[in-house]
Amino acid sequence: GGHTVTMETLLEEMVDRDGIAGLPEIPFTLKQFSSYDRGSVSPDQPGWFANSDRTMFIREEENQGRKEYVMMDTEGPGAVVRLWMTFAGNNSGQGILRFYFDGAGEPEIEGTAVDILSGGALVDEPLASSVSDLSPYENRGHNLYLPLPYSRSCRITYESNNITNPGNRGNTGESVYYNINYRTYPEGTPVVTYSREGLEKAGPVIDRVQEMLKERETGIEGEKLSSRKIYASLAPGEHWHAGIQGSAAIRYIRLKVDAGNLPQALRSTVLEAEFDGEKTVWCPAGDFFGTGYQIREINTWYAKVHEDGNMEVFWVMPFEEDARLQITNTGDQMVVINGELGWDDWKWDDRSMHFGVSWRQFTDIFTREGMDRDNPGSPFDLNYADLKGEGVYVGDGLVLFNTSYIWWGEGDEKIFVDGESFPSHFGTGTEDYFGYAWGGRSARFSNHPLIAQPDAAGNAS
9 GGHTVTMETL
19 LEEMVDRDGI
29 AGLPEIPFTL
39 KQFSSYDRGS
49 VSPDQPGWFA
59 NSDRTMFIRE
69 EENQGRKEYV
79 MMDTEGPGAV
89 VRLWMTFAGN
99 NSGQGILRFY
109 FDGAGEPEIE
119 GTAVDILSGG
129 ALVDEPLASS
139 VSDLSPYENR
149 GHNLYLPLPY
159 SRSCRITYES
169 NNITNPGNRG
179 NTGESVYYNI
189 NYRTYPEGTP
199 VVTYSREGLE
209 KAGPVIDRVQ
219 EMLKERETGI
229 EGEKLSSRKI
239 YASLAPGEHW
249 HAGIQGSAAI
259 RYIRLKVDAG
269 NLPQALRSTV
279 LEAEFDGEKT
289 VWCPAGDFFG
299 TGYQIREINT
309 WYAKVHEDGN
319 MEVFWVMPFE
329 EDARLQITNT
339 GDQMVVINGE
349 LGWDDWKWDD
359 RSMHFGVSWR
369 QFTDIFTREG
379 MDRDNPGSPF
389 DLNYADLKGE
399 GVYVGDGLVL
409 FNTSYIWWGE
419 GDEKIFVDGE
429 SFPSHFGTGT
439 EDYFGYAWGG
449 RSARFSNHPL
459 IAQPDAAGNA
469 S
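For any residue, its number in this note's numbering is found by taking its place in the sequence shown, counting from 1, and adding 8.
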């Protein structure tokens, strides 16, 4: 029935734009296994910023005479929804990944890590891909987005004879970095476990979803949408605004900003939105569309920025009674805005949610002062977002203006859900969270629907 989780339902969910604007029909937790440095135990103890976040496993075990390192081990009905890895050292990534489902003694998936994650062993691009394709292969992040459901349990292991002493800085063999994001459904949720036959049977759905992701199908082509032009010449302090009445959902916002000093205008032209009297969006235009203070080409599932400065988003933004959009010139120069807003009907129900944006700017941050070989410097956590109430976290962007000629992105994402004392997501570095790898050695990319680094200049300058 509609409440059984299968590879097909998980795939359909990935391309269901409406679905993301409602709370999940079947509730789940989303957590992460990763190779984060196990020296990080608690914010009030030394080691919270320990950075030896490679080749850290849950344990070693022997299976049929093989030594396998366990990366993930979890009980309950669930699904792996993202697996990211990168490697360093000799023969890296050539070790064998194995996925054991529902307590089986034999792996249902087995192959070299790079083949499975980005070599097409299970699926092709973009559900399995390495980025950036402008970077040397060994400097890429390898990403598997093919959802792998299981009804009772899942264990993932890595076999490599090349790992000399896991977790130690003196490791001369292969270093393994990984982030695995997985869902756990309530006990008793029917889930059809991944199998080779199931993969074959899901072929037509996989092909369709791959095509939709590649084409960035917006779902608005051919639809009869209501629309309204956005056009105004705004003096400093002036704003443009529009209201929409009735139960509806905004499907797209298009905007082009023109000004003498464009980088300044992209930051000081501010977009605000209010749904059913609740103000949930206040964000500079450039950041709202994912391009920051410079126009950089982006082509993801939700945002598209063109070389000519036209910016588009395709987030679905539903409301029950009314919506109000406002664009304000908070700067001190004239700004011309030009664009369009499109919406259609929406049946509001108890699962529907308002779209929100949290935006923060941190200025004059001095990171890792005093850092050298024997001194970790003084790192600290930046509070990226603080969200209250029931909802679904759908994505983020990061814009940097780096004035130091050094790699800036060692920070690990830490996501605390519902008052956890230890975060259920503890990553291995900023670039890993965003799906690529090796910081300054990675080139720009925006050829993937789910992740992008539209500008790589900030890595070292």
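The C-beta atom is built at its ideal place from N, Cα and C for all residues, glycine as well.
For residue i, name the three-state secondary structure that DSSP assigns.
i           : result
residue 216 : helix
residue 15  : helix
residue 488 : No answer is possible for residue 488: it lies beyond the span of the chain, which begins at 9 and ends at 469.
residue 80  : strand
residue 313 : strand
residue 293 : helix
residue 319 : strand
residue 349 : strand
residue 9   : With a pLDDT of 46 at residue 9, under the threshold of 50, the modelled position of that residue is not reliable, and the figure given next carries that caveat. Coil, per DSSP.
residue 157 : strand
residue 183 : strand
residue 152 : strand
residue 379 : coil
residue 307 : strand
residue 469 : Low local confidence applies: a pLDDT of 48 at residue 469 is under 50, so the model's placement there is unreliable, with the coordinate-based value given in what follows. Looking at residue 469 - three-state DSSP - the assignment turns out to be coil, as it is neither helix nor strand.
residue 93  : strand
residue 21  : helix
residue 286 : strand
residue 300 : coil
residue 227 : coil
residue 101 : coil
residue 30  : strand
Per DSSP, residue i is paired with what?
i           : result
residue 461 : 453
residue 253 : 330
residue 325 : 258
residue 279 : 291 and 335
residue 86  : 158 and 192
residue 75  : 70
residue 47  : Beta-bridge pairing links residue 47 to no other residue.
residue 344 : 241 and 266
residue 199 : 13
residue 248 : 335
residue 366 : In DSSP, residue 366 forms no bridge with anything.
Can you give me the start and stop residues for the beta strand (DSSP E) that residue i sits inside?
i           : result
residue 334 : 330 to 337
residue 167 : 161 to 167
residue 116 : Taken as a continuous stretch (DSSP letters only), residue 116 belongs to no beta strand (DSSP E), as it is neither H nor E.
residue 436 : Where residue 436 is concerned, there is no enclosing beta strand (DSSP E), given that its DSSP letter is neither H nor E.
residue 39  : 37 to 42
residue 105 : 104 to 109
Using a 10 Å radius around the Cβ and a threshold of 16 neighbouring Cβ atoms, would you call residue i buried or exposed?
i           : result
residue 269 : exposed
residue 362 : buried
residue 9   : Any answer about residue 9 is weak, because its pLDDT of 46 lies below 50 and its placement is not dependable; what the coordinates show is given next. With fewer than 16 other Cβ atoms within 10 Å, it is exposed.
residue 299 : buried
residue 371 : exposed
residue 142 : exposed
residue 6   : The first residue shown for the chain is 9 and the last is 469, placing residue 6 beyond what the model contains.
residue 390 : exposed
residue 349 : buried
residue 135 : buried
residue 230 : exposed
residue 106 : buried
residue 53  : exposed
residue 381 : exposed
residue 31  : exposed
residue 470 : Any question about residue 470 goes unanswered here, given that the chain covers just 9 to 469.
residue 295 : buried
residue 169 : exposed
In the DSSP assignment, find the alpha helix (DSSP H) that holds residue i and state where it starts and stops.
i           : result
residue 135 : It is not in any alpha helix (DSSP H) - residue 135 carries neither H nor E in the DSSP assignment.
residue 267 : No alpha helix (DSSP H) holds residue 267; DSSP gives it neither H nor E.
residue 124 : 121 to 126
residue 239 : It is not in any alpha helix (DSSP H) - residue 239 instead sits in the beta strand (DSSP E) that spans 234 to 242.
Does the Cβ of residue i lie closer than 7 Å to at least one heavy atom of the ligand FAD?
i           : result
residue 393 : Annotation note on the ligand FAD: not contained in the displayed structure, which lists no ligands.
Next item on the list: Ignoring anything shorter than 4 residues or poking outside the region 399 to 447, list the alpha helix (DSSP H) runs there in chain order.
Entry: For the region 399 to 447, whole alpha helix (DSSP H) runs of length 4 or above, ordered along the chain, are 438 to 441.
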